[in-house]
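Here is the structure we will look at.
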């Protein structure tokens, strides 16, 4: 049966292993949305939980992850600020992260007291950002559909650490962002070596699905030529 829901078409077209999740930064949470049921070790842990259903999380729920609190735009209590400083110092001591980079990290500027997480098609409010876990082939198809890998454009913007920084980066710029996956996200989210994280502006998600279906058809049309070319040369 043909899918009409954009998120379902997105998953089906790209043959995704993970559902795209939405993040909505809100001050008021709808009554039907439940509070997250358990404590988590990192902000990015919420991404995998969000594949299973809708919930909301407050600043307090993010407090185990000081870097995540920072990028998600939550006001940090003194204890979290100290832990953040300690973490940055540890990163700097092993030449992983420069303290000067902290000031350059994107931060969600939208006023909010909670974040609603969940499968993007199930959110009861409009999402701000859509987050996807993709393998490299899937990420290439999305980037092609977005026009982000055209030589006529500036090219796809990709980052490393922290992975959660791509969320506010997309929210602020209105552009897609890719993170190759920092060691923290790879640990907590369980990313495979071939997976990356991509964030998209939610308001352009439906239009993107149409473009993805077109670019997948284009790739399929070109594949026989390359297969024949390879066979001709016996490689």
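In the working numbering, the protein residues as written are 100 to 334. We put the beta carbon where it would ideally sit given N, CA and C, even for glycine. Computed from a predicted model, the values in this text were never measured in an experiment.
Using a 10 angstroms sphere on the CB of residue 138, the tally of other CB atoms stays under 16, which defines it as exposed.
If you look at residue 283, you'll find it in the alpha helix (DSSP H) that goes 282-287. Going by beta carbons, residue 112 and residue 311 fall inside the 8 Å limit.
Per the C-alpha coordinates, the member of 241, 128, 183 positioned closest to residue 114 is 241.
The residues 205, 276, in chain order, have a CB closer than 6 Å to that of residue 268 in the same chain once the five nearest residues on each side in sequence are set aside. DSSP places residue 123 in the uninterrupted beta strand (DSSP E) bounded by 120-125.
In the displayed model, residue 178 falls within a helix according to three-state DSSP.
Per DSSP, the continuous beta strand (DSSP E) segment holding residue 294 begins and ends at 294-300.
Comparing alpha-carbon positions, the option among 233, 216, 234 lying closest to residue 227 turns out to be 216.
Annotation note: the stretch 147-194 contains the following uninterrupted beta strand (DSSP E) runs of length 3 or greater, listed N- to C-terminal: 154-157.
For residue 244, the CB contacts under 8 Å within the same chain, skipping 5 residues up- and downstream, are 307, 310, 311, 313, 314 in chain order.
Three or more Cβ pairs closer than 8 Å define a contact, and the stretch 114-131 falls short of that threshold against the stretch 196-203. Of 142, 172, 186, the smallest CA-CA separation from residue 284 is found for 142. The alpha-carbon of residue 182 is positioned some 9 Å away from that of residue 166.
Taking all protein chains in view, the Cβ of residue 161 is crowded by 16 or more other Cβ atoms within 10 Å, so the residue is classified as buried. For residue 103, the number of other beta carbons within 10 angstroms of its own is below 16, and it is reported as exposed. In this structure, the alpha-carbon of residue 301 lies about 20 Å from that of residue 254.
Of the candidates 261, 125, 291, 151, 261 places its Cα closest to the Cα of residue 190. Assigned with DSSP and collapsed to three states, residue 267 falls in helix.
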